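Chemist: I'd like to ask some things about the structure below.
Residue numbers (this note's numbering): 338 to 599.
Shown next as C-alpha cells:
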C-alpha cells in the first residue's frame, strides 16, 4: 500500500482497491468499494479542491470529504465515490441528444450556484499568472496540444501563445465554473448529472471556460480520439442549442488555447 498518513489509513482499513488511470490527471487515484483516495503533490489546486468540495456540500452533487491530510510534499483527500458513470461511457456517447441535454443542464446547475461566498476565484488574471509560471518553467507539453496550436500554422512556442492570450483577454461573464468540464469529470445517472469530480480548478470564472472545454471534450469523445471508436449523430451546434446560447467562437478558441498551457 502507499505511504499514507495514519488518520487516512484508519478510515480505509485493509479494503481492496484499484488504481484509476482514466483522464488526464497527474494525481494518484486509489479506488475502493465506496470511496476514493486522491494523492497529489502539494499545490494551490490540490488544496483548493478540498476547500471547494466542502463549500459545495448541499449545493451540487460532489463527493463528501471523509478525511484530508497533508505532509511536507503531498495532500491526501479521502472522499465518497459519486454514483453513476462517466459522461464518456459508451451508452451515453451512443445518444448525443440525451448526453448534450444532460451536460447543458449540468453547466446550468453550476451557473445557478450563488458565488458570493465562493472560497476561490479562477478568473483570467489568476489563470494567466499561472500560465506564465508553467511557460517560464518549461512545463507545457507541446506534444499534447491540439493540432495546429503550435508550429507552421500556429504559435511559434508557448511564450508566443501566452503573449497572445495576455493581449486578447475577453470580457468575462463570471459564474461558478468547474474549471475542467470534460466528460470523464462529469458523472451521470438516471438522466441527470450525479456527480462532479476533479474540482481543483473549481471557482469563480467565465462561463465560457466550461463551455469551451465541454465542447472540445464532446468533439474528442464522439470523434474517437481516446478509444478509436467514432459515434454518429453529434453536430456542431447541438450543445449550444441545449444551452439556448449562440456560440461565441472567439471565446471558445481563447479558452481552449489557454488550456494548452496547463
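The C-beta atom is built at its ideal place from N, Cα and C for all residues, glycine as well. This structure is a prediction, so every number in the text was calculated from the model and none was measured.
#1: Can the beta-carbon of residue 502 be found less than 9 Å from the beta-carbon of residue 591?
#2: Does the beta-carbon of residue 492 have 16 or more other beta-carbons within 10 angstroms, so that it is buried, or is it exposed?
#3: Tell me the DSSP secondary structure of residue 436 in three-state form.
#4: Less than 8 Å between the CB atoms is what I'm expecting for residue 414 and residue 375, so what's the real figure, rounded?
#5: For residue 485, collect the residues of the same chain with a Cβ closer than 6 Å to its Cβ; drop the 5 residues on either side in sequence, then sort them by chain order.
#6: At the level of alpha carbons, what is the spacing between residue 552 and residue 494?
#7: Taking the DSSP output, what are the residues bridged to residue 357?
#8: Residues in the same chain with beta-carbon distance under 7 Å from residue 472, minus the five sequence neighbours each way, listed in chain order, please.
#9: What does residue 513 pair with, by DSSP beta-bridge criteria?
#10: For residue 436, I'd like the list of residues in its chain whose CB is within less than 6 Å of its CB, leaving aside the five on either flank, ordered along the chain.
#11: Flag residue 571 as yes when its Cβ comes closer than 8 Å to any non-hydrogen atom of the ligand MN, and as no otherwise.
#12: Note down the Cα distance separating residue 596 from residue 353, rounded to an integer number of angstroms.
#13: By how many angstroms is the C-alpha of residue 564 removed from the C-alpha of residue 423?
#14: For a test of the three-state rule: what should DSSP assign to residue 376, helix, strand or coil?
#15: Going residue by residue through the segment 447-528, where are the continuous beta strand (DSSP E) segments of at least 3 residues, counting only ones entirely within it?
#16: Relative to the C-alpha of residue 588, which candidate in 389, 343, 506 has its C-alpha closest?
#17: Measuring only the C-alpha atoms, how far is residue 384 from residue 536?
#18: Check whether the segment 532-551 and the segment 446-462 touch, using three or more Cβ-Cβ pairs below 8 Å as the test.
#19: Using CA atoms only, rank isn't needed, just tell me which of 421, 342, 468 is closest to residue 410.
#20: Bridge partners of residue 407, per DSSP?
#21: Starting from residue 576, trace the alpha helix (DSSP H) in both directions and tell me its first and last residue.
#22: Let me know the secondary structure DSSP gives residue 533 once reduced to three states.
#23: Measuring only the C-alpha atoms, how far is residue 586 from residue 350?
#24: Hey, out of 443, 594, 418, whose CA is closest to residue 479's CA?
Modeler: Walking through what the data contain:
#1: yes
#2: buried
#3: helix
#4: 5 Å
#5: 491
#6: 25 Å
#7: 366
#8: 495, 496, 499, 598
#9: 541
#10: 429
#11: Inclusion of the ligand MN in the displayed structure is not the case, the ligand content being empty and no account of it being possible.
#12: 36 Å
#13: 14 Å
#14: strand
#15: 511-514, 523-526
#16: 506
#17: 10 Å
#18: yes
#19: 342
#20: 412
#21: 575-580
#22: strand
#23: 50 Å
#24: 594
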